[in-house]
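Structure first, then comments.
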Amino acid sequence: MAEPHHPRRTFEDLVTEGASVPTEGWDFSWFEGRATEARPSWGYAVSQAERLGRAGAVLDVQTGGGEVLEFALGRAERTPRLAVATEGWPPNVAKATALLRPHGVAVVAALEDGPLPFADGAFDLVVSRHPVRPQWDEITRVLRPGGTYFAQHVGPGSVFELVEHFLGPQPEAVRGARHPDRERADAEAAGLDVVDLRAERLRMEFHDIGAVVHFLRKVVWMVPGFTVEAYQPQLRALHERIEAEGPFVAHSTRQLVEARRPGPSPAPHP
839 MAEPHHPRRT FEDLVTEGAS VPTEGWDFSW FEGRATEARP SWGYAVSQAE
889 RLGRAGAVLD VQTGGGEVLE FALGRAERTP RLAVATEGWP PNVAKATALL
939 RPHGVAVVAA LEDGPLPFAD GAFDLVVSRH PVRPQWDEIT RVLRPGGTYF
989 AQHVGPGSVF ELVEHFLGPQ PEAVRGARHP DRERADAEAA GLDVVDLRAE
1039 RLRMEFHDIG AVVHFLRKVV WMVPGFTVEA YQPQLRALHE RIEAEGPFVA
1089 HSTRQLVEAR RPGPSPAPHP
């Protein structure tokens, strides 16, 4: 287990640091030694790479800073003839463009809750890692018959030990909003056949309050509208708890989703 980073630093120093670190992209290397999260057993990025090597036209939805797609492209046996990514947050659009352009990937600015700006049946593979909310009808529309959606989603009640420390107990409707049964029903209602759906609950540890601040600034939907000023009492109480008891433990939930649009499989990528 990693030791806390700078364990004797003051509450004010740690909070100031956590509030100043840039939050663009999905690179979590800053948390090294300060927070940990177990990884799902299925190895999403490596599994995505295997599928990219067989695909001709690929769309990555809500790519973040493009880090996962870049990793998968680097591992793929072949490069798809067409690869496109969407992202809705302007700083991430710029970051993903710089990262993915050398791989021939076009990054398109698109709202996360809006229609995908592509023709019907344009892709034989759509991928996504941690979309804010999967647009099932749009995913189905842009897939070719026989095409596949392969994604890792955030599951129900993820990191709710931390969420409820700041927001208090959440209603069951909120806690279960991403339940795998609902994911399956929504995908099938949009016309997809779910061929694989797995879920895991994974241990997380936060070693100092600076890591908590940075996490809540980066994963903005956990505590909507989070600022250090608005949640000063909760932050100080959590800091004192970590100092007295050691790392704050929470649990993330992750779901692997593989769904197929009915129809003949696309021809293999030559």
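Per my numbering, the sequence shown starts with residue 839, numbered consecutively. Glycine residues also receive a C-beta, built at the ideal position from the N, C-alpha and C atoms.
Residue environment, residue i, which counts as buried when at least 16 other CB atoms sit within 10 Å
i: G952; result: exposed
i: V965; result: buried
i: W880; result: exposed
i: G1084; result: exposed
i: G1019; result: The amino acid at residue 1019 is misidentified as Gly; the sequence shows Asp. Exposed: under 16 other Cβ atoms inside 10 Å.
i: M839; result: Confidence at M839 is low in this model, with a pLDDT of 43, below 50, so the placement of that residue is unreliable and no value is reported for it.
i: T986; result: buried
i: S996; result: buried
i: R1181; result: Outside the displayed span of the chain (839 to 1108) sits residue 1181, for which this structure offers no information.
i: E925; result: buried
i: T1065; result: exposed
i: E841; result: Confidence at E841 is low in this model, with a pLDDT of 49, below 50, so its placement is unreliable and the value that follows should be read with caution. Classification of E841: exposed, given that the 10 Å Cβ count is below 16.
i: R919; result: exposed
i: E855; result: buried
Within 7 Å, strictly: CB atoms of residue i and residue j
i: P955; j: V899; result: no
i: V980; j: A960; result: yes
i: A883; j: F909; result: yes
i: A1097; j: V1032; result: yes
i: F869; j: A1049; result: yes
i: V1057; j: A989; result: no
i: V922; j: L963; result: no
i: G891; j: R916; result: yes
i: F1044; j: A873; result: yes
i: D831; j: W974; result: Lying before the first or after the last residue shown, residue 831 is absent from the chain, which here runs from 839 to 1108.
i: A887; j: A914; result: yes
i: H1052; j: V853; result: no
Secondary structure of residue i, DSSP reduced to three states
i: A887; result: helix
i: F988; result: strand
i: D1019; result: helix
i: E862; result: coil
i: W1057; result: First, the amino acid is wrong: residue 1057 is Val here, not Trp. Coil, per DSSP.
i: S996; result: coil
i: E875; result: strand
Cut-off 7 Å between Cβ atoms - residues of its own chain near residue i, not counting five sequence neighbours on either side
i: P994; result: R1013, G1014, A1015, R1016, H1017 and T1091
i: R1079; result: F1086
i: N930; result: E862, G863, G902 and G903
i: F1004; result: V1061, Y1069 and Q1072
Contact set for residue i: own chain, Cβ-Cβ below 6 Å, skip 5 residues either direction
i: H1077; result: F849 and I1047
i: L911; result: H941
i: A1082; result: none
Spatial neighbours of residue i in its chain, beta-carbon cut-off 8 Å, leaving aside the 5 residues before and after
i: E1002; result: Q1008
i: P1102; result: P983 and G984
i: E905; result: G863, W864, D865 and L937
Any non-hydrogen atom of the ligand SAM within 6 Å of residue i CB
i: A1097; result: Because no ligand of any kind appears in the structure shown, any question about the ligand SAM cannot be addressed here.
Bounding residues of the beta strand (DSSP E) (the contiguous stretch that carries residue i)
i: S966; result: F961 to R967
i: D1034; result: D1031 to F1044
i: A895; result: A895 to D898
i: L1094; result: F1086 to R1098
i: L920; result: L920 to E925
i: A944; result: A944 to A947
i: A1011; result: No beta strand (DSSP E) holds A1011; the alpha helix (DSSP H) holding it covers E1010 to R1013.
Where the alpha helix (DSSP H) containing residue i begins and where it ends
i: A1068; result: No alpha helix (DSSP H) holds A1068; DSSP gives it neither H nor E.
i: V980; result: W974 to V980
i: T935; result: P928 to L938
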